[in-house]
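K.L.:
Protein chains: 4
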Amino acid sequence: MRSDSSSETPASDGRKSFIATARRAQILQAAVQVLTTKGYAGTSLARIADQAGVAKGVVSYHFDGKDDLLEQVVIDAFTRGAEEMIPHIVAAEDAKGALRAYLQGNIDFLDANRGQIVAVGEVIINLRRPDGGLRFDEAGKLEVVRPLAELLADGQAAGEFTDFDPMAIAYLIRDAIDGVSARLRYDADYDVLGFGAQLINFAERAIHRPSGEESTDSDPTDANGK
Amino acid sequence: MRSDSSSETPASDGRKSFIATARRAQILQAAVQVLTTKGYAGTSLARIADQAGVAKGVVSYHFDGKDDLLEQVVIDAFTRGAEEMIPHIVAAEDAKGALRAYLQGNIDFLDANRGQIVAVGEVIINLRRPDGGLRFDEAGKLEVVRPLAELLADGQAAGEFTDFDPMAIAYLIRDAIDGVSARLRYDADYDVLGFGAQLINFAERAIHRPSGEESTDSDPTDANGK
Amino acid sequence: MRSDSSSETPASDGRKSFIATARRAQILQAAVQVLTTKGYAGTSLARIADQAGVAKGVVSYHFDGKDDLLEQVVIDAFTRGAEEMIPHIVAAEDAKGALRAYLQGNIDFLDANRGQIVAVGEVIINLRRPDGGLRFDEAGKLEVVRPLAELLADGQAAGEFTDFDPMAIAYLIRDAIDGVSARLRYDADYDVLGFGAQLINFAERAIHRPSGEESTDSDPTDANGK
Amino acid sequence: MRSDSSSETPASDGRKSFIATARRAQILQAAVQVLTTKGYAGTSLARIADQAGVAKGVVSYHFDGKDDLLEQVVIDAFTRGAEEMIPHIVAAEDAKGALRAYLQGNIDFLDANRGQIVAVGEVIINLRRPDGGLRFDEAGKLEVVRPLAELLADGQAAGEFTDFDPMAIAYLIRDAIDGVSARLRYDADYDVLGFGAQLINFAERAIHRPSGEESTDSDPTDANGK
DNA sequence: TATGAATGAGGGTTCATTCAT
DNA sequence: CATGAATGAACCCTCATTCAT
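Chains as they are written, first to last, in full-length UniProt numbering: chain A, 1 to 226; chain B, 1 to 226; chain C, 1 to 226; chain D, 1 to 226.
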């Protein structure tokens with residue numbers, strides 16, 4: 001069965017039968033569990049099948065091989081994440097609001113999907129293409145970072161944000177969010193929301209332009225506070 | 001049978017012969033190369049031996065199995081990193097200087113050791129103990145983060161830094177540094193120093209207490225920025 | 001549970017429905033194509049079903065397993081071949097004519113059915129019974145060679161052919177014809193008819209008794225050509 | 001271990017150690033046995049290892065995979081065959097002698113190596129390259145047929161042989177020899193030498209120019225048979 | 001009739017490790 | 001010290017077949 005994302009039939013869930021969809025979900029869930037527990041290198045189709053309570057061949061039947069299965073683990077999460085977060089960001093009235101929505105949206109998503117986050121991270125970090133290159137590489141990362149950088153640049157253009165390299169700071173913010181993912185590896189009960197509050201506070205302090213500051217180029221010429 | 005802890009000091013009393021030390025270094029270097037090229041899951045003793053130009057058995061002879069070898073890759077780097085960075089940090093006169101030394105030291109180390117960083121990351125992220133737990137887990141991470149958090153707390157106590165949760169911001173800073181490591185995976189020529197400058201700038205803007213600001217929890221005696 | 005022997009005569013009394021007959025033909029044709037393209041070891045029911053554009057289960061439904069399907073590929077061709085060739089042979093007036101009819105009939109059949117010949121060969125050579133023995137073995141071969149040997153012996157008895165071991169020469173002629181099949185494996189456009197002409201020429205030169213020759217042993221006492 | 005045919009050391013058996021050479025031979029012999037008994041499709045590394053009395057991994061250790069192993073089965077036989085037959089052919093004084101040496105040499109080789117012939121045939125017929133093409137294809141066949149065709153053409157030029165297409169008759173002769181191989185599949189005790197005698201007889205009757213016959217396509221200067 | 005779903009065996013291969021030399 | 005040889009487990013994948021629908 002091909003994991004064809006195109007749906008030729010107008011039916012709601014696409015062309016996959018109900019039972020097939022259910023099995024796929026079941027197997028994906030099992031894969032997430034194994035990835036989280038055993039790590040990427042310890043994740044085998046046999047263990048996934050065992051965890052799902054199905055025969056080993058079933059996994060190969062529903063997915064186009066191990067790589068396809070693991071890809072789906074990531075794609076599923078990304079799809080859901082984008083669906084949840086984007087609306088909040090575009091609904092913001094100004095750059096400050098959009099930045100806050102971006103940060104809070106990511107934090108909330110991580111907090112609400114802790115069960116999947118670690119597994120997704122394992123795959124992103126380890127899954128490679130047959131040629132040896134990483135399956136989820138810089139290109140995918142850029143897709144996530146660039147919008148954030150544009151958001152920051154917009155805020156600078158509107159005079160809301162102070163001077164900095166938008167791309168670098170976008171990476172820095174992503175690093176903080178990815179750091180949360182990493183910490184969930186060690187501590188499933190990590191206080192994601194608490195750290196998120198600190199992160200938002202920190203970021204806004206560093207990014208927001210103090211009222212009255214001049215927007216020149218980069219270096220603030222004078223720093224006589226308010 | 002753990003590998004002898006004296007293995008890191010081959011010169012002092014000569015517990016390891018010269019040739020053994022050389023072989024170990026040669027194999028470790030090969031392991032780094034394979035890890036960087038093929039990733040953790042693609043790293044086998046056979047490939048390492050091949051890369052090192054030695055027979056497969058040699059690796060097992062000089063290291064107590066695959067896990068021991070991979071551990072050494074990490075420990076070597078950490079040892080060297082600590083040796084290089086700690087002196088600069090302790091030499092700083094105040095918290096601001098220490099923070100800058102910490103950040104610049106880490107950035108410089110990453111920049112100077114790009115060849116090893118990716119390999120080290122692969123192992124830290126993936127290597128697990130026989131019981132399934134991560135070999136380099138939260139405990140090791142805390143060893144790195146806690147000193148930074150203490151440095152930040154000291155700065156707050158001295159009135160140099162503004163208010164924030166030292167632990168959270170320490171994690172945040174570590175995330176940024178680890179983010180550099182991650183980016184080296186995709187781009188061996190990543191501008192580490194450039195990003196580092198932005199990071200330092202950003203961090204200081206968010207951490208330093210603006211002159212004239214009231215300190216809620218520490219001594220406001222000196223608030224005259226430099 | 002062998003497949004019903006009436007399966008080859010779908011029309012006579014309608015034991016098989018029209019649709020079933022069509023499906024069988026469709027699947028057999030797909031099997032021929034896969035066998036030709038991928039070889040025996042590369043031929044699976046999945047590939048055949050795919051090539052035929054039907055679900056995998058359909059093949060198992062219409063045929064009593066893989067072996068039955070492959071048998072039919074051979075039997076179909078043999079049945080058709082016999083139907084086409086035998087009439088010409090029995091219609092010949094003398095042994096020389098019968099031999100020529102035999103050779104030309106075989107050549108023409110191979111030439112006209114190149115698309116199937118390779119597939120048939122793959123099965124004959126490889127298909128084995130559950131006990132490990134070849135499904136199409138010496139017995140089947142004899143069925144083909146013996147009539148030819150009898151034809152040759154008749155020609156000798158009639159004084160048309162020179163002295164030789166009829167069975168050995170019958171095998172030799174079959175080898176030449178089978179050789180054509182083999183060559184079609186490598187070259188679908190092989191000049192079957194051209195080789196056939198050379199074969200007939202060669203065979204007649206070696207088999208026909210020169211006029212005036214005594215029927216002694218083998219050596220022609222005088223050789224005053226025509 | 002690579003099956004490198006080049007030998008960097010001047011030692012007699014090349015660079016393979018004695019024990020490795022012995023194991024390889026043992027495994028090759030086991031492969032021949034399995035191929036002969038079970039056929040190509042029934043030949044697995046597990047069965048070969050079992051037949052050889054070694055663990056499955058040993059086969060993969062000594063050969064570069066299944067294909068490499070099966071190739072060696074063929075190459076070994078071809079190498080030995082060429083070594084045995086070529087000297088006799090080149091030693092012949094005229095084309096008639098060379099043809100007889102060629103035929104007798106092939107027959108004798110088949111007769112003396114019946115144990116391997118069937119296995120070799122299984123591989124030649126079935127082994128395919130990763131791209132789907134046959135591993136031993138037309139090109140290899142031509143290497144065998146062309147020298148025979150040249151031998152025949154030489155005989156024609158020398159007036160020893162009658163008129164025919166040398167290539168076609170060369171193929172025909174090869175077909176007869178290959179037919180012997182095929183017959184050994186069904187009957188391990190096949191009378192190879194007996195058939196060989198008939199074949200030689202038949203071929204010479206069809207190929208040799210009767211004394212006094214005119215040559216149509218070559219130099220008629222000497223038409224007075226010897 | 002036809003299909004998708006499921007199974008379990010077996011395929012070849014890679015692997016970390018042990019051991020005699 | 002170093003090596004080649006051997007092992008057996010685990011890997012992913014393909015297969016022919018069965019079965020409920």
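Where a beta carbon is used, it is the ideal one built from N, C-alpha and C, also for glycine. All of these numbers come straight from a predicted model, not from anything done at the bench.
Please report the Cβ distance between B/Leu70 and B/Lys56, rounded to the nearest whole angstrom; I am assuming they are in contact, meaning their Cβ atoms lie under 8 Å.
P.N.:
Actually they are not in contact, since the Cβ atoms of B/Leu70 and B/Lys56 sit about 16 Å apart, beyond 8 Å.
K.L.:
Whose C-beta lies closer than 6 Å to the C-beta of D/Arg174 among residues of the same chain, with five residues either side of it excluded?
P.N.:
Only Val145 meet the Cβ criterion.
K.L.:
Is the CB-CB distance between C/Phe195 and C/Ile107 below 9 Å?
P.N.:
Cβ atoms of C/Phe195 and C/Ile107: closer than 9 Å.
K.L.:
Using a Cβ-Cβ cut-off of 9 Å, state whether D/Phe195 counts as contacting chain C.
P.N.:
Cβ-Cβ to chain C under 9 Å: yes for D/Phe195.
K.L.:
With a threshold of 9 Å between beta carbons, is A/Phe161 in contact with chain B?
P.N.:
So, not an interface residue.
K.L.:
Give, in chain order, every residue of the stretch 123-138 of chain D whose Cβ lies closer than 8 Å to some Cβ of chain C.
P.N.:
Listed by position, the residues of the stretch 123-138 of chain D near chain C (Cβ gap below 8 Å) are Ile125, Asn126, Arg128, Gly132, Leu134, Asp137, Glu138.
K.L.:
In chain A, what lies closer than 7 Å to B/Ala168 by C-beta?
P.N.:
Residues of chain A passing the Cβ test: Phe195, Gln198.
K.L.:
Please go through the stretch 125-200 of chain C and give each complete alpha helix (DSSP H) segment of 4 or more residues, from N-terminal end onward.
P.N.:
Here the runs fully enclosed are 138-157, 166-186.
K.L.:
Which residues in chain C sit within 9 Å of D/Thr37, going by Cβ to Cβ distance?
P.N.:
Neighbours of D/Thr37 on chain C, chain order: Gly132.
K.L.:
Return no unless some Cβ of chain B is closer than 9 Å to the Cβ of A/Lys141.
P.N.:
A/Lys141 counts as touching chain B.
K.L.:
Distance cutoff 9 Å, beta carbons only. Does B/Arg205 sit that close to anything in chain A?
P.N.:
True, the Cβ-Cβ gap to chain A drops below 9 Å.
K.L.:
Using a beta-carbon distance below 9 Å, is B/Phe202 in contact with chain A?
P.N.:
It does: the Cβ of B/Phe202 has a partner Cβ on chain A nearer than 9 Å.
K.L.:
Just curious, the alpha helix (DSSP H) that C/Phe109 is in, first and last residue?
P.N.:
95-112 is the extent of the alpha helix (DSSP H) around C/Phe109.
K.L.:
Select from the UniProt domain "HTH tetR-type" (21-81) of chain C all residues with a C-beta closer than 8 Å to any C-beta belonging to chain D, and list them in chain order.
P.N.:
Hits within the stretch, in order: Thr37, Lys38, Gly39, Tyr40, Ala41, Gly42.
K.L.:
Looking at the unbroken alpha helix (DSSP H) that takes in D/Ser60, where does it start and where does it end?
P.N.:
First-last of the alpha helix (DSSP H) with D/Ser60: 56-62.
K.L.:
Any Cβ of chain A within less than 9 Å of the Cβ of residue 230 of chain B?
P.N.:
Beyond the ends of chain B as shown, which are 1 and 226, falls residue 230 of chain B; an answer cannot be given.
K.L.:
Any C-beta of chain A sitting closer than 9 Å to the C-beta of B/Ala176?
P.N.:
Yes, B/Ala176 counts as interfacial toward chain A.
K.L.:
When the Cα atoms are used, what is the spatial distance from residue 280 of chain A to A/Leu103?
P.N.:
No answer is possible for residue 280 of chain A: it lies beyond the span of chain A, which begins at 1 and ends at 226.
K.L.:
Report the rounded CA-to-CA distance for B/Phe136 versus C/Gln51, giving the unit in angstroms.
P.N.:
Going from the Cα of B/Phe136 to the Cα of C/Gln51 covers about 52 Å.
K.L.:
Looking only at DSSP bridge pairs, what is C/His208 linked to?
P.N.:
Paired residues: C/Phe161.
K.L.:
Can you tell me the Cβ-Cβ gap for A/His62 and A/Ala20, rounded? I've got them flagged as a contact below 8 Å.
P.N.:
A/His62 to A/Ala20, Cβ: 7 Å. Contact.
K.L.:
Please say whether A/Ile207 and A/Ile177 have beta carbons closer to each other than 9 Å?
P.N.:
Contact: no.
K.L.:
Helix or strand or just coil, what does DSSP make of A/Ala91?
P.N.:
In the structure shown, A/Ala91 sits in coil (DSSP, three-state: anything other than H, G, I, E or B).
K.L.:
Note down the Cα distance separating A/Ser181 from A/Ile117, rounded to an integer number of angstroms.
P.N.:
The straight-line gap from Cα to Cα measures roughly 6 Å.
K.L.:
Closer than 9 Å, CB to CB, is B/Asp154 near chain A or not?
P.N.:
Output row for B/Asp154: interface = no.
K.L.:
Within the same chain, show all residues whose beta-carbon is closer than 6 Å to that of D/Pro121, passing over the 5 residues directly before and after it, in chain order.
P.N.:
Going by the sequence as given, residue 121 of chain D is Gly instead of Pro. Closer than 6 Å at the Cβ level, and outside the excluded window around D/Gly121, lie Ser181.
K.L.:
Looking at the secondary structure, which residues open and close the alpha helix (DSSP H) in which C/Lys38 lies?
P.N.:
That run of the alpha helix (DSSP H) goes 18-38.
K.L.:
Near D/Pro166, which residues of its chain fall below 6 Å by C-beta distance, leaving aside the five closest residues on each side in sequence?
P.N.:
So the list reads Ala149, Leu152, Ala153, once near-sequence residues are dropped.
K.L.:
Counting C-beta neighbours from all protein chains within 10 Å, is the total for B/Val90 16 or more, i.e. buried, or is it exposed?
P.N.:
Exposed, by the Cβ-count rule.
K.L.:
Return the Cβ separation of B/Val34 and B/Arg47 in integer angstroms, given the expectation that the two are a contact with Cβ distance under 8 Å.
P.N.:
With a Cβ gap of about 5 Å, B/Val34 and B/Arg47 count as contacting.
K.L.:
D/Arg128 and C/Gly132 look like a contact to me (Cβ under 8 Å); what is the Cβ gap, rounded to whole Å?
P.N.:
About 23 Å; that fails the 8 Å criterion.
K.L.:
If the criterion is Cβ atoms closer than 9 Å, does the pair C/Leu199 and D/Leu172 meet it?
P.N.:
Contact: yes.
K.L.:
Can you tell me where the alpha helix (DSSP H) holding C/Ala46 begins and where it ends?
P.N.:
Where C/Ala46 is concerned, the enclosing alpha helix (DSSP H) stretches over 45-52.
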